[in-house]
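Accompanying notes for the structure given below.
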Amino acid sequence: MNVNQQPHMASPYGQPQPGYQGYPQPGYGGDNVPSGYPAQYAPYNGPGSAYQQGPPQGMRGPPTSGAPPVSGAQNYSQFGQGETQNGPPPMVAPPQRPPVSQPYTPAAVNLPGPQPTYGQQYGAPPVSMQQMTNQMASMQVGSTAPSPAGPGYAPQSFPQAPPVSQPPFSTAQVQPGPTQSYGRPLPSTQPSFPRPPLPTSQPSAFPAGPPPTSTPSQLPGVIQPQPPVSQPPPYHSGPPPTSTGFPPRPPFHGMQGLPMTSQGPPMASQGPPMASQGPPMASQGPPMGSQGPPMAQANHILPTQPGMPPGPINTSLSGPPPQPGMQGYPAQQNGAFGQVRGPQPGYTGPYPGQQNYGAPSTAPAPAPAAPKRLDPDSIPSPIQVIEDDKANKGSEPFTTGVRGQAPPLVTTKFQVKDQGNASPRYIRCTSYNMPCNSDMAKQSQVPLAAVIKPLAPLPPDETPPYLVDHGESGPIRCNRCKAYMCPYMQFIEGGRRFQCGFCSCVTEVPPHYFQHLDHTGKRVDCYDRPELSMGSYEFMTTVDYCKNNKFPQPPAFIFLIDVSYNAVKNGMVGIVCQELKTLLDYLPRENPDVESNIRVGFVTYNKVLHFYNVKASLAQPQMMVVSDVADMFVPLLDGFLVNVSESRVVIESLLDQIPEMFADTRETETVFGPVIQAGLEALKAADCAGKLFVFHSSLPIAEAPGKLKNREDKKLVGTDKEKSLFQPQVSFYNTLAKECVAQGCCVDLFLFPNQYVDVATLGVVPTSTGGSIYKYTYFQAPSDQERFLNDLRRDVQKQMGFDAVMRVRTSTGIRVTDFFGSFFMSNTTDVELAGLDCDKTVTVEFKHDDKLSEETGALMQCAVLYTSCSGQRRLRIHNMAVNCCSQLADLYRNCETDTIINYFAKYAYRSILSSPTKNVRDSLMNQCAQILACYRKNCASPSSAGQLILPECMKLLPVYLNCVLKSDVLQPGADVSLDDRAYLRQLVSTMDVAESHVFFYPRLLPLQKLDVESMTLPMAVRDSEERLSRGGVYLLENGLNIFLWVGVSAQQELLQNIFGTPAFSQIDSNMTSLPALDNPFSKSLREIIESVRAQRSRYMKLMVVKQEDKLELIFKHFLVEDKNNNGGASYVDFLCHMHKEIRQLLS
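See below:
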């Protein structure tokens, strides 16, 4: 399967500029020593303090026979902090060519990392440093004279068949004909970070010194003089003549430039050109196909022809290995990812079988400019996978009746039909095939987990779960394990008893529930009862399921507003009071026609607390002050919690008065602990569950329980003590959280900080009670009001359950061992949530405690007991059955990478509470390498060790995992505050799979390709600076922010349509909303932004980023395929590093 079926986009690099003398830049894994070996990356150790100039050790060239490996290790991430170019390492002195006696066929030298060059640099004009690195990006080696096969094709015949050890070539076939040889680059967009040379690790084939190379070995960026057309061009993409007396190179395996495949096609240069049996095929496809970066020979850039899909790392899980010589793949001869080698300078004789090709030995041939760099188009593309899934699974409804069927990706729009398993909107699993035993699970290292979103909202075309009422007897359950009636219960003895699918215990059917069975053994009323035919449904419960055996009161909402100097000055107090006047009409309700029965109360505070009596019978609200914050109590019972419609006049009067009362306050200190205590005490007095909305501005330093001090210490970042910064600084809030959960008191915290407020500590109560934290740093009413008010409206209105308990039961053989999310646990099985809203997820991890069988599969049932907003006690049930497998290949065939990444992120973000971040990153990388190594060892068809083989459904694991590893929480830049990291850590812990997907791999839409007629979104592009065109406008969203990036050369008409001005310089980069212009493009774009916002649980503020503006640094942080300033690796580098790790594990 071709992972990158879109046409190759030439890289947006500019033409050569004079000025740089053609010497390679230092690469970012180290340099080459004149007579040494290129180096490979050692384990990833975080950002290097400085740019390593030393020789990287440990990288070995391709083996021939018995060459001594060079050992040693070097940090994987010795990338300098932002200013280094990652070009090939500099050369010190051109080494000599090895003696002719050495076995040598230039057809397949695979040394990643630039190799020492020949001394001959025939008359290369100087090139700029930019150009040098630019040429790494996307240019083609080839000559101006087309070969008989068409422009850019490999020579038609080869003098000699290389030996047969070549890994199979990709199955992606390209039709012969004038296919493209990726040619001229687009005009330069911006300085991009080229990828570093690829590591390899093999014994060197040249014990006596570095191998001669041609394409990759010359100084990158050197422009070759154009050979006269009448004379055969000196370089062609075939093997060099064999008449020079060099015997063919013996086959070798190894990381030849990190070829990738998965059951087949390699990703890159693997060994001798395309041969495995007999001579390579003639129709080899464009010589430089997808596997390598198209290389530039400066004056030989072939014309581009669209339509040639870049050749991928193939990742097919099953199916025969592809045959050698398939069209569409370049002759893999040299170096990292498919750079094709031309003849060596000065070699004699034309190529046999090629009329006119090959230069006479007397004419010095120019050295090709071919720095090594892995072509990003030849490695798995997230966009391609997303688009393929939309095409394959987006048109048909997803029916849940088939056990173990993986759902469409979260990025695909699809409809669900519930036929007995819960919708993927409620439950997504990391694998839909569970290993049958723990040994297999341990061997594969694939995490077995489910991300459960019990109250997930459904699209309008899907039916919400049915409510089943069994009357006073309550839900039917298994006698032993207490699982609830579901489609996995087997009725026996004519329907009088049922056998539990979870524990196999047999239970009597109550007389009122009895029904006859049909000829298949199913009850005749099966399809009339949701609990017998659906994956998700709800039960009405009896009083036995209620606290203290009495039905609950309707819940209450209490608004607690900070009225200290900062909160008043930044406008927050006025905005909250104004908004609440209208917002109280939209409190959650089950029936839209009926008034909500949620009661409300109001408190303001600074160093002391002010309670308000808003009883309907009062003419004016009354304020009561509690200054004894050490012993908090509620000074009034009657009149604090009221019904909105009854007390509307008094409430509105209060909300008008609060901003005036505190307008001239000089009080800067605040308390925080007593504020939550006050809300908790009020709910206790009213004997109900509820939610506190706390609007808070500063670190609580006033003398009171829960007082905090400023402990922000950047010097601890990156040390073993860093973990203490994520832990609460006092235990007071843990105790308070426990009390809140016992009462069903959920806390939502809205923060408006101008400096450090210790989110790690203030967030303890919200995250333990199932609440949310919203953070508006440096809040300014004009630009941030819209975001805050939209978040507040959604937070108040969204459907939620109160005083909830969740338990996950599993069938015999597996059990739940771990939980991730915002909740509290007082025992090992019950997840307690004071509040559970429609955005919250709980992630559960499973482990084996016995063997599973392939026949029965594995079952899980999630039951959530909660109080609805109308005060009803209900049970929501979600059932899920997955397959079990005894073959590792089946496990790898049915995984979901997005869910695995969601689990890994939550696991890692929790781990930093107890381990240094470096250890957390290393352990994640190690587990990922083990997952892929196990697949390679046990499931992939045999092939050269030089191929990176990825399972089809996990081919994006490296790119997504790299995004997690270099996220702000695990690898922060100097500008990321501790509060931001603590905030993101807590935010990710409750994300569902769709949110974590876009958070770690943002969506980037090219708006210049927007079709206003069709109103369909343009296809996204990959998150890399190379994909941005200077003439384009792009929209990037990650669930928390929306950026509109405007290229410096964007068309005037486009700018006029969006911003109402044709001049780039006149665009106001401070705008937070687009002007409503009367043209189709403006309308479409604003609708797109609104629809994107509607898909996310938080309102995303729009930021306009002009190219080359100071804000662009923030924007580039979200281009996650590129290297970042914190020392995070680019996708290409990380893939190479993963390959090295996998090979170490396999060896």
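Numbering-wise (the working numbering), the sequence shown opens with residue 177 and increments by one.
Ideal placement from N, C-alpha and C gives every residue a C-beta, glycine not left out.
Exercise. To which residues does DSSP link residue 1021 through a beta bridge?
Worked result: 625, 994
For this session: Starting from residue 960, trace the alpha helix (DSSP H) both ways and give me its first and last residue.
Result: 957-973
For this session: Would you mind giving the Cβ-Cβ distance between residue 1175 and residue 1219, rounded to the nearest angstrom? I have them listed as a contact below 8 Å.
Result: Actually they do not touch by this definition, with Cβ atoms about 14 Å apart.
For this session: Hey, could you find the ends of the alpha helix (DSSP H) residue 1315 is sitting in?
Result: 1307-1322
For this session: Please state if the CB of residue 1085 and the CB of residue 1020 are separated by a distance shorter than 8 Å.
Result: no
For this session: Inspect the CB distances between the segment 589-608 and the segment 702-712 and report whether three or more fall short of 8 Å.
Result: yes
Problem set entry | Pair within 8 Å by beta-carbon distance, residue 935 and residue 1010 | no
Exercise. Can you tell which of 770, 1100, 822, 1277 has its C-alpha closest to the C-alpha of residue 790?
Worked result: 822
Problem set entry | Assigned secondary structure, residue 1159 (DSSP; H/G/I helix, E/B strand, else coil) | helix
Problem set entry | Identity of the residues DSSP links to residue 1324 by a beta bridge | In the structure as shown, the chain starts at 177 and stops at 1323, and residue 1324 therefore has no counterpart that could be examined.
For this session: Look at the Cβ atom of residue 838, then the Cβ atom of residue 778, and state whether they are nearer than 8 Å.
Result: no
For this session: Taking only the alpha-carbon atoms, compute the straight-line gap between residue 1087 and residue 1142 and give it to the nearest angstrom.
Result: 15 Å
Exercise. Are the segment 1047-1057 and the segment 667-674 in contact at 8 Å, needing three or more beta carbon pairs?
Worked result: no
For this session: Would you kindly work out how many angstroms separate the C-alpha atoms of residue 652 and residue 684, rounded to a whole number?
Result: 10 Å
Exercise. Do you know how far the Cα of residue 701 is from the Cα of residue 576?
Worked result: 20 Å
Exercise. When burial is assigned at 16 or more other CB atoms within 10 Å of the CB, is residue 930 buried or exposed?
Worked result: exposed
Problem set entry | Under the three-state DSSP convention, the category residue 675 falls into | strand
For this session: Output yes or no for whether 8 Å exceeds the beta carbon distance between residue 888 and residue 932.
Result: yes
Exercise. Out of 740, 1041, 904, 617, which has the shortest C-alpha to C-alpha gap to residue 720?
Worked result: 1041
For this session: Determine the burial state of residue 842: buried for a count of at least 16 other Cβ atoms within 10 Å of its Cβ, exposed for fewer.
Result: exposed
Exercise. How is residue 1213 classed by DSSP in three states: helix, strand or coil?
Worked result: strand
For this session: Give the straight-line distance between the Cα atoms of residue 1303 and residue 1147, rounded to the nearest whole angstrom.
Result: 8 Å
For this session: Report back the beta-carbon spacing between residue 783 and residue 718 to the nearest angstrom; my notes put them in contact at under 8 Å.
Result: Contact flag wrong, Cβ pair sits at about 47 Å.
Exercise. Any idea what DSSP makes of residue 1202, helix, strand or coil?
Worked result: helix
Exercise. Along the chain, where does the alpha helix (DSSP H) that runs through residue 917 open and close?
Worked result: 908-919
For this session: Would you mind reading off the limits of the alpha helix (DSSP H) that contains residue 1325?
Result: The requested residue 1325 is not part of the displayed model; the chain covers only 177 to 1323.
Exercise. Based on the DSSP secondary-structure assignment, which residues constitute the bridge partners of residue 777?
Worked result: 734
Exercise. In this structure, does DSSP put residue 866 in helix, strand or coil?
Worked result: strand
For this session: Would you tell me roughly how many angstroms separate the C-alpha atoms of residue 137 and residue 703, rounded to the nearest one?
Result: Absent from the model: residue 137. The displayed extent of the chain is 177 to 1323, so no value can be given.
For this session: Give me the Cβ distance between residue 609 and residue 1069, rounded to the nearest whole Å; I'm assuming they're in contact under 8 Å.
Result: 7 Å
Exercise. Taking C-alpha atoms, which residue in 1046, 850, 1246 lies nearest to residue 908?
Worked result: 850
Exercise. DSSP state of residue 877, grouped into three classes?
Worked result: coil
Exercise. Just the Cα atoms here: how many angstroms apart are residue 1277 and residue 1015?
Worked result: 19 Å
Exercise. Taking all protein chains shown into account, do 16 or more other C-beta atoms lie within 10 angstroms of the C-beta of residue 681, making it buried, or fewer, making it exposed?
Worked result: exposed
For this session: Could you check which residue in 705, 665, 766, 687 has the C-alpha nearest to that of residue 697?
Result: 665
Problem set entry | Under 8 Å between C-beta atoms of residue 1183 and residue 1204 | no
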